[in-house]
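Undergrad:
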Amino acid sequence: MQKKIEQQFTTYVMNFKELEDNLINKRLGEMESRLMARLEQLSSRIESDFDQKLGKAKRESGDGQSSLSNEISDLASAIANQRNEFDMVSCRFNALIVVSYRSLCQIFSFN
32 MQKKIEQQFT TYVMNFKELE DNLINKRLGE MESRLMARLE QLSSRIESDF
82 DQKLGKAKRE SGDGQSSLSN EISDLASAIA NQRNEFDMVS CRFNALIVVS
132 YRSLCQIFSF N
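Each residue of the sequence shown is one higher than the one before, starting from 32 at the first, in the numbering used here.
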């Protein structure tokens with residue numbers, strides 16, 4: 032009887048863990064899609080700003096090429112910063128998954 036109870040408990044815990052993993056993966060997928068949508072919005076806005084400034088630079092005379100080069104550099108930096116920020120958030124979520132998994136393993140003694 033005791034062995035059957037332990038087996039049922041182990042099955043319950045494994046099912047619970049699988050459910051938790053699925054829920055965590057679903058939430059992370061949702062967060063990732065929201066972050067990617069936000070990154071796309073920011074990229075579109077940066078492209079729009081770039082197009083506007085490119086048109087303005089073409090209309091200007093003299094140092095327009097230098098101004099355009101500076102704007103391109105600034106926009107490239109902004110895009111790189113957004114991508115780095117996304118990568119950092121992704122790493123934090125991955126670390127959170129690992130910590131949560133380890134905590135569950137310690138709670139239920141699954142090492």
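Glycine included, every Cβ here is placed at the ideal spot set by N, Cα and C.
Please read all numbers here as calculations on a predicted model, not as lab measurements.
Can you tell me the Cβ-Cβ gap for residue 106 and residue 81, rounded? I've got them flagged as a contact below 8 Å.
TA: Within the sequence shown, the letter at position 75 stands for residue 106. Within the sequence shown, the letter at position 50 stands for residue 81. So it is a contact: roughly 5 Å between Cβ atoms.
Undergrad: Can you give me the C-alpha to C-alpha distance between residue 48 and residue 122, rounded to a whole angstrom?
TA: Taking the first residue of the sequence shown as position 1, residue 48 is located at position 17. Taking the first residue of the sequence shown as position 1, residue 122 is located at position 91. Approximately 22 Å, taken between the alpha carbons.
Undergrad: Taking only the alpha-carbon atoms, compute the straight-line gap between residue 39 and residue 108 and give it to the nearest angstrom.
TA: For the purposes of this step, residue 39 is identified with residue 8 of the sequence shown, where counting begins at 1. For the purposes of this step, residue 108 is identified with residue 77 of the sequence shown, where counting begins at 1. Distance between the alpha carbons of residue 39 and residue 108 is about 56 Å.
Undergrad: Once DSSP output is grouped into helix, strand and coil, what is the label at residue 32?
TA: Working through the sequence shown from its first residue, we reach residue 32 at position 1. Here residue 32 carries a coil assignment [DSSP, helix/strand/coil].
Undergrad: For residue 76 and residue 124, what's the separation of their Cα atoms in angstroms?
TA: Against the sequence shown, residue 76 aligns to sequence position 45. Against the sequence shown, residue 124 aligns to sequence position 93. Going by the C-alpha atoms only, they are around 26 Å apart.
Undergrad: Taking the alpha-carbon of residue 135 as reference, which of 98, 78, 42 and 51 has the nearest alpha-carbon?
TA: Position 104 of the sequence shown, counting from 1, holds the residue named residue 135. Of the listed residues, the one whose Cα sits closest to residue 135 is 51.
Undergrad: In its own chain, which residues sit with a C-beta less than 6 Å from the C-beta of residue 41, not counting the 5 before and 5 after it?
TA: By one-based count along the sequence shown, residue 41 stands at place 10. So the list is empty, once near-sequence residues are dropped.
Undergrad: Rounded to whole angstroms, what's the CA-CA distance from residue 126 to residue 97? Just pull it up for me.
TA: Sequence index remark: in the sequence shown, residue 126 carries index 95 (1-based). Sequence index remark: in the sequence shown, residue 97 carries index 66 (1-based). Going by the C-alpha atoms only, they are around 43 Å apart.
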